[in-house]
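Protein sequences appear in the order of chains S and D. So the first sequence is numbered by this note's numbering: it starts at 45 and just counts up by one. So the second sequence is numbered by this note's numbering: it starts at 53 and just counts up by one. So the structure is just underneath, and the comments pick up after that.
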Amino acid sequence: AQTVTQSQPEMSVQEAETVTLSCTYDTSESNYYLFWYKQPPSRQMILVIRQEAYKQQNATENRFSVNFQKAAKSFSLKISDSQLGDTAMYFCAFIYGGSQGNLIFGKGTKLSVKP
Amino acid sequence: NAGVMQNPRHLVRRRGQEARLRCSPMKGHSHVYWYRQLPEEGLKFMVYLQKENIIDESGMPKERFSAEFPKEGPSILRIQQVVRGDSAAYFCASSPVGSGSSHSPLHFGNGTRLTVT
Chain S
45 AQTVTQSQPE MSVQEAETVT LSCTYDTSES NYYLFWYKQP PSRQMILVIR QEAYKQQNAT
105 ENRFSVNFQK AAKSFSLKIS DSQLGDTAMY FCAFIYGGSQ GNLIFGKGTK LSVKP
Chain D
53 NAGVMQNPRH LVRRRGQEAR LRCSPMKGHS HVYWYRQLPE EGLKFMVYLQ KENIIDESGM
113 PKERFSAEFP KEGPSILRIQ QVVRGDSAAY FCASSPVGSG SSHSPLHFGN GTRLTVT
């Protein structure tokens, strides 16, 4: 069975600094995709970044980048130049290529950006 | 371009009543997914539907819960005889093709928070 683990229930960072959120996963599949979703207090789930397992290059979206270590089954999210609007729950998620829609989420990390 | 629309945003039901949650997918999306989020937890998959078909309901409780996505109209998640443990946020997501493809990440609605008193 696939599992996703986020070991940091809460984190905080000063505005303009960099923070890294960790995520590990467990799977025997070779074809899969990984995602980070952001959930602000409005409760909306917003896709931040995604990574295809077959790509060695780490995905980047503006201030957000990932460190994808396939052998270690690790998928951390780095947020650079943190902004107050980054305050939210962050969820790591996994889906394998043959899945029929079962996106598996971690329990989330609550990130607070302090002024 | 409207996103995934869910209503109501908040729903309060007494124990034993029925709850009906609605989801209109993004325009052009024919695949709908329902997830449940308990307090302090991540989202858990419940069911995957295409128009008029249930594709995967492996995450649905065996009793009291049902889902449909008719040819016309929104997808409905129905919970009969609600109990306090059903209190949660229920999210709908949609995609143009099956979400096992890297080209179709899920687009989520804002969720319906169900409170059972």
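Ideal placement from N, C-alpha and C gives every residue a C-beta, glycine not left out. Nothing here was measured: the structure is a model prediction, and the numbers come from that model.
Among D/Asn162, D/Thr167, D/Ser146 and D/Arg72, which one has its Cα closest to the Cα of D/Gly80?
Comparing C-alpha distances from D/Gly80 to each of D/Asn162, D/Thr167, D/Ser146 and D/Arg72 shows the shortest one belongs to D/Ser146.
Let me check one thing: in DSSP terms, what residues is S/Ala137 bridge-paired to?
DSSP output for S/Ala137 lists S/Phe79 and S/Phe149 as bridge partner(s).
State the Cα-Cα distance for the pair D/Val64 and S/Ser72, rounded to the nearest angstrom.
Approximately 42 Å, taken between the alpha carbons.
Which residues bound the beta strand (DSSP E) around D/Arg61?
First-last for D/Arg61: undefined, no H or E at that position.
Kindly indicate which residue of S/Tyr77, S/Leu65 and S/Glu61 has the alpha-carbon position closest to the one of D/Leu158.
Nearest of S/Tyr77, S/Leu65 and S/Glu61 to D/Leu158, Cα basis: S/Tyr77.
Should D/Arg88 go down as buried or exposed, given a rule of 16 or more other Cβ atoms within 10 Å for buried?
In this structure D/Arg88 is buried. Its beta-carbon is surrounded by 16 or more other beta-carbon atoms within 10 angstroms.
How would you label D/Pro199, buried or exposed, when you count the other beta carbons within 10 angstroms and need 16 or more for buried?
Outside the shown range of chain D, which is 53 to 169, sits residue 199 of chain D, and nothing can be said about it.
Should D/Asn59 be flagged as near chain S, meaning a C-beta pair shorter than 9 Å?
Cβ-Cβ to chain S under 9 Å: no for D/Asn59.
Under 9 Å, do S/Lys122 and S/Thr62 count as touching if we go by C-beta distance?
Judged by beta-carbon spacing, S/Thr62 lies within the 9 Å limit of S/Lys122, meaning their Cβ atoms are closer than that value.
For S/Leu91, decide whether its Cβ has a neighbour in chain D, counting only Cβ atoms nearer than 9 Å.
True, the Cβ-Cβ gap to chain D drops below 9 Å.
Give the residues of chain D in contact with S/Arg87, contact being defined as C-beta atoms less than 7 Å apart.
By Cβ distance, chain D contributes Ala141, Asn162 and Gly163.
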